[in-house]
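What follows is a short report on a single structure.
Numbering (UniProt numbering), first residue to last: 1 to 275.
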C-alpha cells in the first residue's frame with residue numbers, strides 16, 4: 001500500500017524549506033485521514049498500544065518529578081550514540097560521555113540530538129526549516145558547506161507530502177506518525193550523506209511534538225540498535241516496497257523499538273535514583 005501523503009496547501013512545498021502555517025494545526029483532519037487505515041494493518045494496533053503503554057510507564061516514574069532534565073540529557077546522549085551505531089560507527093557509551101569523540105558521524109548525531117529540544121515548537125509549523133537545520137548539524141563535517149541543508153531536487157514531491165503530514169491533523173497514534181515520518185525520510189534519502197541520522201531524529205522529534213514522549217526521556221534509537229542494523233534495513237526495505245505487509249512490518253518494528261526505548265529510559269531513571 002502506498003501511504004497517500006499530500007503536500008501542504010498553505011505554503012511552499014519541499015522546494016521552499018521553512019513553510020509556515022497560517023493557523024494552529026487542527027486536532028482532527030477536515031477530510032479523509034490518510035493515516036487512519038494504518039491501524040487496521042495486521043499487528044499494528046497491538047504494537048502501537050504496547051509502545052504507548054511502555055512510554056506511559058516511563059513517564060510515570062517518580063524520578064521524572066525532579067530529574068526529568070537529567071534523564072532527557074542522558075537520553076539524548078544514548079540516542080545519538082545508538083543512531084550513529086546504525087550508520088556503522090559504534091563508540092562505547094563511556095567514551096561518548098567523556099566527550100572524547102572525533103568521529104564526524106557521531107559528532108553530527110550528538111549535535112542533532114542535543115538540539116532537538118529547541119526544535120519542538122517549530123517542527124509542526126516549519127518542518128522544512130527544521131529538517132534543513134538537522135542536516136546542517138548532522139553533516140557539518142561530512143559534506144561541503146554548499147550542500148548542507150539542501151535536499152536533492154528529486155525528493156521535493158515526497159518531502160512535501162511529509163511536511164503536510166507533520167503540519168496537518170490525523171487521528172493516528174503519535175507512535176505511528178513518528179514511524180511514517182521516519183520511514184519516509186529514510187526511504188527517500190533526501191540528502192546524499194546524513195539522511196539516516198536525520199530520519200531517526202525526525203521520528204523522535206515527531207514523537208515528542210505529538211505528545212508521545214513530551215519530556216524526551218525515552219530512547220527509541222537504542223531500541224532500533226538493540227533490534228539490530230540488519231532488522232532495521234529489512235524493515236525499511238519492506239516500507240519502501242509499499243506493500244501492506246511491508247508497511248505493517250515497518251510500523252511494528254518502530255513500535256517495538258519505541259517499547260525498548262522506553263525500557264532504556266526506565267534504566268536511566270533507575271540509575272539516577274540509585275545515585
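Don't be surprised by glycine CBs; every beta carbon is placed ideally from N, CA and C.
Please read these numbers as outputs of a predicted model, since none were measured by experiment.
Using a Cβ-Cβ cutoff of less than 6 Å, which residues in the same chain neighbour residue i once the five nearest sequence positions on both sides are dropped?
i	result
residue 202	181, 185
residue 178	203, 206, 207
residue 273	63
residue 110	80
residue 105	84, 87, 89
residue 59	none
residue 134	112, 198, 201
residue 255	47, 48, 51, 175
Taking the straight line between their C-alpha atoms, what separation do you get for residue i and residue j?
i	j	result
residue 243	residue 217	33 Å
residue 87	residue 246	22 Å
residue 164	residue 210	15 Å
residue 275	residue 268	11 Å
residue 73	residue 114	8 Å
residue 227	residue 257	7 Å
residue 183	residue 250	8 Å
residue 138	residue 116	12 Å
residue 55	residue 38	20 Å
residue 143	residue 196	15 Å
residue 266	residue 128	33 Å
residue 223	residue 231	11 Å
residue 271	residue 70	11 Å
Residues in its own chain within less than 7 Å of residue i by CB, not counting five upstream and five downstream?
i	result
residue 187	236, 239, 240
residue 93	78, 81
residue 229	86
residue 151	14, 159, 190, 191
residue 248	41, 42, 43, 44
residue 24	A caution first: residue 24 carries a pLDDT of 43, below 50, which makes its placement in the model unreliable, though a value can still be read off. Same-chain partners within the cutoff: there are none.
residue 100	none
Would you call residue i buried or exposed, if buried means 16 or more other Cβ atoms sit within 10 Å of its Cβ?
i	result
residue 65	exposed
residue 97	exposed
residue 259	buried
residue 121	exposed
residue 167	buried
residue 161	buried
residue 278	Nothing can be reported for residue 278, as the shown portion of the chain is limited to 1 through 275.
residue 124	buried
residue 145	exposed
residue 31	exposed
residue 155	buried
Assuming the contact rule is C-beta atoms closer than 8 Å, residue i and residue j should be a hit. Round their C-beta distance to whole Å, please.
i	j	result
residue 47	residue 252	4 Å
residue 172	residue 36	6 Å
residue 141	residue 108	7 Å
residue 148	residue 198	With a Cβ gap of about 11 Å, residue 148 and residue 198 do not count as contacting.
residue 264	residue 83	No, residue 264 and residue 83 are not in contact; Cβ-Cβ is about 13 Å, not under 8 Å.
residue 102	residue 215	Between residue 215 and residue 102 the Cβ distance is about 31 Å, and since that is not below 8 Å, they are no contact.
residue 170	residue 49	Not confirmed; about 17 Å, so no contact.
residue 57	residue 225	With a Cβ gap of about 21 Å, residue 57 and residue 225 do not count as contacting.
Could you tell me whether any non-hydrogen atom of the ligand ATP is closer than 6 Å to the CB of residue i?
i	result
residue 256	Among the components modelled here there is no ligand, and therefore nothing to report on the ligand ATP.
Quick one: does residue i have its CB under 7 Å from some CB of chain B?
i	result
residue 202	Considering every chain present, this structure includes no chain B. It has just one protein chain.
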